[in-house]
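**Student:** Residue numbering for the sequence shown is 3 to 276, as defined by the working numbering. For each residue, glycine too, the CB sits at the ideal point set by N, CA and C. Mind having a look at this structure? Questions to follow.
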Amino acid sequence: MSGTKSNTESYKPHITPTCERLAGKSALVTGGARGIGKAIALRFAQEGAGVCIVDKDLPEAEHTAHEVEKLGVRAVALKADVSDRAVVERVVQQAAESMGSIDVLVNNAGMIVFGSLMDCRVEDWNAMIAVDLSGAFHFTQFVGRSMIENGRGGRMIHIGSTASVLPTAQQSAYCVAKAGLLMMSRCAALELIGHNITSNLLCPQGAVTDINRELLRNSAIMGALEANIPAKRLATVEEIASAAAFLASDEAAYITGTELLHDGGAVISGLWWR
Ligand SMILES: NC(=O)c1ccc[n+]([C@@H]2O[C@H](COP(=O)([O-])OP(=O)(O)OC[C@H]3O[C@@H](n4cnc5c(N)ncnc54)[C@H](O)[C@@H]3O)[C@@H](O)[C@H]2O)c1
Numbered sequence: 003m004s005g006t007k008s009n010t011e012s013y014k015p016h017i018t019p020t021c022e023r024l025a026g027k028s029a030l031v032t033g034g035a036r037g038i039g040k041a042i043a044l045r046f047a048q049e050g051a052g053v054c055i056v057d058k059d060l061p062e063a064e065h066t067a068h069e070v071e072k073l074g075v076r077a078v079a080l081k082a083d084v085s086d087r088a089v090v091e092r093v094v095q096q097a098a099e100s101m102g103s104i105d106v107l108v109n110n111a112g113m114i115v116f117g118s119l120m121d122c123r124v125e126d127w128n129a130m131i132a133v134d135l136s137g138a139f140h141f142t143q144f145v146g147r148s149m150i151e152n153g154r155g156g157r158m159i160h161i162g163s164t165a166s167v168l169p170t171a172q173q174s175a176y177c178v179a180k181a182g183l184l185m186m187s188r189c190a191a192l193e194l195i196g197h198n199i200t201s202n203l204l205c206p207q208g209a210v211t212d213i214n215r216e217l218l219r220n221s222a223i224m225g226a227l228e229a230n231i232p233a234k235r236l237a238t239v240e241e242i243a244s245a246a247a248f249l250a251s252d253e254a255a256y257i258t259g260t261e262l263l264h265d266g267g268a269v270i271s272g273l274w275w276r
């Protein structure tokens with residue numbers, strides 16, 4: 003630990019939400035209690051959308067829902083473990099009933115088990131796939147069916163990672179789950195575009211959240227990570243939420259089946275050295 007702030011901690015983005023861009027829409031954000039999901043929930047609310055926060059941590063989800071409500075929109079908090087299909091089916095129905103419809107789905111809930119493929123325990127492998135991949139599948143299917151039935155079109159945003167497209171050291175099971183999400187997003191895009199429903203993968207390189215806070219408190223690890231990113235810093239969760247708000251908006255109606263890398267140039271920098 004050092005007393006000096008990292009580039010990431012020092013950076014303060016200037017972000018201006020687009021007023022009313024999502025007015026009249028309802029969004030369901032999984033894992034919306036904290037971190038990136040919370041930033042997305044708040045950003046959507048600032049742009050006029052009602053938000054349903056689904057998380058396994060109900061007290062924190064309710065806390066975030068109160069913050070969303072203070073922005074003048076409807077907010078609902080529901081408890082679910084995204085890997086439990088029966089619970090997901092019930093929660094999607096409850097969300098659609100209390101919000102009127104679900105216009106935007108953000109598959110954001112996720113966890114990470116660090117480690118190599120060779121050392122990965124089968125329990126950890128199964129948990130990674132169940133939460134980060136199958137959890138998103140359950141929501142995509144139940145919300146997709148509900149969007150089709152409503153006939154209002156829709157937006158699906160799946161939170162992948164640079165690990166969706168690049169093998170990342172000591173994150174093997176996570177990479178596989180996030181790469182699976184990429185293909186699920188593309189398949190959903192082709193199956194659903196006829197219903198005016200888009201599906202895209204938003205791939206952050208990183209931001210400091212509970213998923214990595216302990217690790218990145220180590221200034222040597224944070225410094226090495228920042229040095230490997232051309233932008234020399236991680237993103238803020240608000241910057242990631244800006245990209246999600248764009249993908250959720252009418253402005254992105256023609257964008258489907260694609261991956262939006264949100265990575266400060268990390269993925270393209272592989273063999274670039276001088
Ligand atoms: N933070 C990063 O650097 C980073 C980088 C790339 C991708 N991502 C992805 O962004 C997403 C959000 O991560 P974050 O950094 O905000 O993490 P976080 O730990 O701060 O938040 C994750 C949220 O998901 C919820 N959650 C976890 N497992 C769940 C389950 N089984 N059912 C329901 N809710 C569950 C947690 O309770 C928590 O509220 C994840 O999919 C993660 O893989 C994060």
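For the stretch 15 to 34 against the stretch 47 to 59, do three or more pairs of beta-carbon atoms, one drawn from each stretch, fall closer than 8 Å, so that the two count as touching?
**Tutor:** Yes, the stretch 15 to 34 touches the stretch 47 to 59.
**Student:** In three-state DSSP terms, what is Q48?
**Tutor:** Working through the sequence shown from its first residue, we reach residue 48 at position 46. Residue state, collapsed to three classes: helix.
**Student:** To the nearest angstrom, how far is it from the Cα of P61 to the Cα of D252?
**Tutor:** Mapped onto the sequence shown, residue 61 falls at position 59. Mapped onto the sequence shown, residue 252 falls at position 250. Straight-line Cα distance between these residues: approximately 33 Å.
**Student:** By DSSP, does R23 sit in helix, in strand, or in coil?
**Tutor:** Mapped onto the sequence shown, residue 23 falls at position 21. Note: R23 maps to coil in three-state DSSP.
**Student:** Given 8 Å as the limit, is there contact between the stretch 119 to 131 and the stretch 40 to 48, that is, 3 or more CB pairs closer than that?
**Tutor:** Taking 8 Å as the limit for Cβ pairs, the verdict is that the stretch 40 to 48 does not touch the stretch 119 to 131.
**Student:** Assuming G117 and S174 are in contact, meaning their beta carbons sit under 8 Å apart, how far apart are those beta carbons, in whole angstroms?
**Tutor:** Numbered from 1 along the sequence shown, position 115 holds the residue referred to as residue 117. Numbered from 1 along the sequence shown, position 172 holds the residue referred to as residue 174. Yes, they are in contact, since the Cβ atoms of G117 and S174 sit about 7 Å apart, within 8 Å.
**Student:** Under 7 Å from any heavy atom of ligand 1, does the C-beta of D83 make it?
**Tutor:** Here the question's residue 83 lines up with position 81 in the sequence shown. Answer for D83: yes, Cβ within range of ligand 1.
**Student:** Which residue's Cα is closest to the Cα of N110: I195, A41, A229, I161?
**Tutor:** By one-based count along the sequence shown, residue 110 stands at place 108. Cα-wise, what sits closest to N110 is I161.
**Student:** Count the other C-beta atoms from every protein chain shown that fall within 10 angstroms of the C-beta of S100, then say buried if there are 16 or more, exposed otherwise.
**Tutor:** Numbered from 1 along the sequence shown, position 98 holds the residue referred to as residue 100. With fewer than 16 other Cβ atoms within 10 Å, it is exposed.
**Student:** Quick one, which of I213, G137, M158 has its alpha-carbon nearest I38's?
**Tutor:** Position 36 of the sequence shown, counted from the first residue, corresponds to residue 38. Of the candidates I213, G137, M158, the one whose C-alpha sits nearest the C-alpha of I38 is I213.
**Student:** Which partner residues of K81 appear in the DSSP bridge assignment?
**Tutor:** The residue you call residue 81 lines up with position 79 of the sequence shown. D57.
**Student:** Just reading off the alpha helix (DSSP H) that W9 is part of, what are its end residues?
**Tutor:** For the purposes of this step, residue 9 is taken as residue 7 along the sequence shown, with counting starting at 1. Note on residue identity: the sequence assigns Asn, not Trp, to residue 9. Run containing N9: 9 to 12, per the alpha helix (DSSP H) assignment.
**Student:** For E240, report the span of its alpha helix (DSSP H) as first-last.
**Tutor:** Reading the sequence shown from its first residue, position 238 is the one you call residue 240. Taken as a continuous stretch (DSSP letters only), the alpha helix (DSSP H) holding E240 covers 239 to 250.
**Student:** For the candidate residues L249, V93, V84, whose alpha-carbon lies nearest to that of V78?
**Tutor:** Within the sequence shown, the letter at position 76 stands for residue 78. Taking only the C-alpha atoms, the option nearest V78 is V93.
**Student:** Compute the beta-carbon to beta-carbon distance between L263 and T200, rounded to the nearest angstrom, for a pair I have assumed lies under 8 Å.
**Tutor:** On the sequence shown, position 261 is the one that residue 263 refers to. On the sequence shown, position 198 is the one that residue 200 refers to. That pair is no contact at about 17 Å.
**Student:** Can you find a heavy atom of ligand 1 that lies under 7 Å from the Cβ of V93?
**Tutor:** Within the sequence shown, numbered from 1, the residue matching residue 93 stands at position 91. No, the beta carbon of V93 sits no closer than 7 Å to any heavy atom of ligand 1.
**Student:** Comparing C-alpha positions only, which one of T10, K14, D83 sits nearest to G34?
**Tutor:** On the sequence shown, residue 34 is found 32 positions in, with the first residue counted as 1. Ranking T10, K14, D83 by Cα distance to G34 puts D83 first.
**Student:** If I measure Cβ to Cβ from S85 and keep anything under 7 Å in the same chain, skipping five residues before and after, which residues do I get?
**Tutor:** Here the question's residue 85 lines up with position 83 in the sequence shown. Contacts found: A132, V133, S136, G137.
**Student:** Just checking, does the stretch 239 to 250 make contact with the stretch 182 to 191 on the three C-beta pairs under 8 Å criterion?
**Tutor:** At 8 Å Cβ cutoff, the stretches do not touch.
**Student:** Heavy atom of ligand 1 less than 7 Å from the Cβ of E240, yes or no?
**Tutor:** The sequence position of residue 240 within the sequence shown is 238, counting from 1. Not under cutoff, so the answer is no.
**Student:** Output the distance between the C-alpha atoms of N152 and Q207, rounded to the nearest integer angstrom.
**Tutor:** As a working note, residue 152 is residue 150 in the sequence shown. As a working note, residue 207 is residue 205 in the sequence shown. One C-alpha to the other measures close to 35 Å.
**Student:** From the DSSP output, in three-state form, read off S4 for me.
**Tutor:** As a working mapping, residue 4 is identified with position 2 in the sequence shown. For S4, the predicted model reports a pLDDT of 49, less than 50, meaning its position is unreliable and no value from the coordinates is stated.
**Student:** What's the gap between the Cα of V239 and the Cα of M120?
**Tutor:** Looking up residue 239 in the sequence shown gives position 237. Looking up residue 120 in the sequence shown gives position 118. Cα to Cα, the separation comes out at about 32 Å.
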